[in-house]
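Taken in sequence, the protein lines are chains A and B. Numbering (the working numbering) for the first sequence: 1 to 424. Numbering (the working numbering) for the second sequence: 1001 to 1366. Using N, Cα and C, we set each Cβ at its ideal position, and we do this for glycine too. Each remark here refers to the structure printed beneath this line.
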Amino acid sequence: MDVSYPQRAERFRADVRAFLAANLPPGWRGLGALAPGERHDFERAWRATLAQNNLLAVSWPAAYGGAGLSAIEQVVRSEEFERAGAPTGTENDGFGIELLGNTLLVAGTQEQKRYFLPRILSGEHVWCQGYSEPDAGSDLAGVRTRAVLDGGEFVINGQKIWTSAGATANWIFVIARTDPGVPKHKGLTFLLVPIGQPGVEVRPIKNAAGYELFCEVFFTDARTPAGHVVGGVNNGWSTAMTLLGFERGAEVTTDPIRYRRDLDRLLELARERGRDTEPGIRDELAWCYARVEIMRYRGYRGLTRFLSGARPGADGAISKLIWSEYFQRYTELAMEILGLDALAPAGPGNGGALKVADAGTENSARCWAEEFLHARAGTIYAGSSQIQRTVIGEQLLGLPREPRLDGGPFRDIGQPAAAPALGG
Amino acid sequence: MFFDYSAEQQDFAGSLRKLVADRAPLPAVRARLGDAHDPDLWRTVGQEMALLTLAVPERYGGGGFSLEETAIAVAELGRGLAPVPVFEAVLAIEAILRTGTGAQRQELLPSLLSGDRIAVAALSGPDALDPGAGPVTARPAGAGHTLTGSLPHVLRGHVADLFLVPALAADGAGLFAVERTAPGVTVSGPGSSFDLTRPVCAVELDTVPAQRLGDGPGPDLDGLVDVGRTLLAAEMTAAAQACLEASVEYAKRRVQFNRAIGSFQAVKHGCAQLAVEIDAARAASDWAAMLAGAGDPGLRTAALIAKAQAADTFTACAGWNIQVHGGIGFTWEHDAHLYLRRAKADEALFGSTARHRALLATRAGI
């Protein structure tokens, strides 16, 4: 076992560090140190700088606007940016570059790649994700949004929900039902849909911490060209799963960096308040330290497998459970350390960060209180803990599936006339 | 960039698993409860397979591998609760390598590496970290020392030919080699050991002639104990996997309410959660083994993380295995309790999990 990176990756790391030193503003402490007003302007300008320097999609082929390097350089870029507290793009880039772009590279047509990929990088197309629906959360294949071919276009009707960064997007990728007469996984199609049309309405939803981070998206006779199907009509489930396979890319090695940074902030809080020597607090802090280290070790294992071309599979479910369950226990510890100060938490908030606060965020009681609230979402989004355990139980351990009641044609599911189809 | 078992290491682990399945399946382990020692298997792993030499430099007759491979060997034997003192012997060999003079290594190692003689280090308690607090005193006697004191929990002490004992001398703490046959040594047991597959003995020392390892006081017992923790973490992780595999196999076969019980989420998710913890334990113990093999100072924290994680995981898996099996799991005839016993005994070795976390907090600068 040897966790040193290949030489070419280390050379690239030096380049990235030099880039960061030359381009970040003087005295840079992280995105969290910027005032809310400055933040938006910085993010715009910074993204343009990254695009000019080929740092948005390091592993994409040069023909599509990428840097033409490999996966390890992409990982190194993300690590160094995380260490510096510098963003690798906007939140929408997570959907456009990491998820959709990488999916198009493996499942898109030549025309789709040529058309969409450069526009994702230039910032002309800004993406969000249309997966969940009010009646299809964990049961994602139960989506009801319909898409019907009408001449050369699909006409889309239905509703998506929990669409992160939907308010800033101008394109959405959608899983829609194109054939309700077949079992539910078989009648889905993956569509690329422009938001700027009369049939698409995006409404923000305020979350439990008070931030508008996700949206509802309503489709009323919205239209998209038939050529904007990725992976074939009625083959959308496969494309949708391919996309989710990109959900955890560089995160395996960047998550531990950011959790460690935030843990240091919690240690500081505990020391400031004289709680760090209390045995119960100390035991929990040591547990947190151990967990973050274990995430780091697992990151190297994940990277080893990623570089060998292995698909994450149940490994991804394990990672999701480890970080999200950690995040709750960790933020509960923060609330314990705050004590009564959690009752009327003062100071600036966490900026709506879904995971730990951005680098440079003030170590305030309100920031921790908001981080604590956001941690509740971590065990729900991107596959709830219960779904992850089912994946592990069935795919990794080979335990038998539950008898299914949704095996027949989609249109018959839940209909009183339909006899429950056991087995299936 | 490679953090996983190499193909060779996987083959090595596979061959050991086959050896344990052939030579020490659980019925054979049960046939030796109490004594927990199979001299034939010991000859095989010592002389034929040279498992005790893996991490020993070639100039001392070693195999030139590293503690990574040693951890794999300890893991595979521990997975099956095999009745041989491999963990104890390799830790004692490591102790001599780390603390002995060149002459002591030349003198002591050959018979230990072949398995002709068995050495056991009396380092199982948390106080082993601090021989000054320990129960054995060394007094000068001629060119050497004599030891007096009690060691109530020496792992597999009944098969040891040589004890390595931490003791406090006038000029400081040290590690001392004591022959089993020396005058004044009394070994009791194994009697009422909780762990039936790795019993402990009480060793009484009354003015026993002993040889100090090294030239003077202050050997790095912390570093040695960290290696012990690392090897034990590997064992516990593998044994935890064995427990979960047994749970999963049973949950696939056992039918209630006209369904395999493993199809119920209550059972499935319990198994899945332990698979998560095993994955974490595996990462932590492999990481610690890698650092131990490379002599990396990061082992100071990594060994504590690995041991604490593996101990929590093994205990949880051994307990869950009984729960999944229901009534049969709580019978003497079922093997589940053998693992639970091992889990709790391992958990206590080198200090409880809470003590590990307290020490981690200190070493990590929390």
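DSSP places residue 113 of chain A in the uninterrupted alpha helix (DSSP H) bounded by 110-122. Taking 8 Å as the upper bound for CB-CB distance, residue 1162 of chain B and residue 1119 of chain B are in contact here, some 4 Å apart. For residue 257 of chain A, the enclosing alpha helix (DSSP H) starts and ends at 251-272.
If you look at residue 1058 of chain B, you'll find it isn't in any alpha helix (DSSP H); DSSP assigns it neither H nor E.
A distance below 8 Å separates the beta carbons of residue 355 of chain A and residue 258 of chain A. Proximity of residue 290 of chain A to chain B, defined by a Cβ-Cβ separation below 8 Å, is satisfied. Beta-bridge annotation (DSSP): residue 149 of chain A is paired with A:154. With a cutoff of 8 Å on beta-carbon distance, residue 123 of chain A and residue 173 of chain A are scored as not near each other. A straight line joining the alpha-carbon of residue 1185 of chain B with that of residue 1203 of chain B spans about 7 Å. The continuous stretches of alpha helix (DSSP H) do not include residue 1188 of chain B, which lies in the beta strand (DSSP E) extending over residues 1185-1188. In the structure shown, residue 393 of chain A adopts helical secondary structure according to DSSP, grouped into three states. Per DSSP, residue 1316 of chain B lies in no beta strand (DSSP E); the unbroken alpha helix (DSSP H) holding it starts and ends at 1299-1325. Within the model, the alpha-carbon separation for residue 284 of chain A versus residue 335 of chain A is close to 12 Å. Boundaries for residue 1228 of chain B: no beta strand (DSSP E) harbours it, while the alpha helix (DSSP H) harbouring it runs 1221-1253, taken from the DSSP string. Residue pairing by DSSP places residue 1155 of chain B opposite B:1200 in a beta bridge. Taking the Cα positions, residue 229 of chain A is about 6 Å away from residue 192 of chain A. Judged by DSSP in its simplified three-state form, residue 413 of chain A adopts coil rather than helix or strand.
Here the alpha carbon of residue 1311 of chain B sits roughly 5 Å from the alpha carbon of residue 1347 of chain B.
Apart from sequence neighbours up to five positions away, no residue of its chain approaches residue 329 of chain A with a beta-carbon distance below 7 Å. In this structure residue 211 of chain A is in contact with residue 352 of chain A, their Cβ atoms being roughly 4 Å apart against a cut-off of 8 Å. Contacts between residue 278 of chain A and chain B, judged by CB atoms closer than 7 Å, are missing: the closest CB pair is about 11 Å apart. From the listed residues B:1317, B:1285 and B:1349, the smallest Cα separation to residue 1067 of chain B is found for B:1285.
In this structure, DSSP gives residue 384 of chain A a state outside helix and strand, which the three-state scheme calls coil. For the 8 Å CB-CB criterion, residue 1007 of chain B and residue 1083 of chain B do not form a contact. By the criterion of at least three beta-carbon pairs nearer than 8 Å, the stretch 1222-1240 of chain B is in contact with the stretch 1278-1298 of chain B. In terms of Cβ geometry, residue 67 of chain A and residue 20 of chain A do not form a close pair [threshold 8 Å]. Contact annotation for residue 87 of chain A against chain B: no contact, minimum CB-CB distance about 25 Å [criterion: below 7 Å]. Not one beta carbon of chain A lies nearer than 8 Å to the beta carbon of residue 1013 of chain B. With respect to chain B, the C-beta atom of residue 5 of chain A has a partner C-beta closer than 8 Å.
Annotation: the continuous beta strand (DSSP E) that includes residue 171 of chain A extends over 171-177. DSSP places residue 13 of chain A in no beta strand (DSSP E) but in the uninterrupted alpha helix (DSSP H) bounded by 7-23. The continuous beta strand (DSSP E) containing residue 1121 of chain B extends over residues 1119-1121. Here the stretch 1191-1210 of chain B makes no contact with the stretch 1095-1110 of chain B; the two share fewer than three CB pairs at distances below 8 Å. By the neighbour-count criterion, in which a residue is buried when 16 or more other Cβ atoms sit within 10 angstroms of its Cβ, residue 1257 of chain B is exposed. When DSSP reads this structure, residue 1346 of chain B sits in no beta bridge, so it has no partner.
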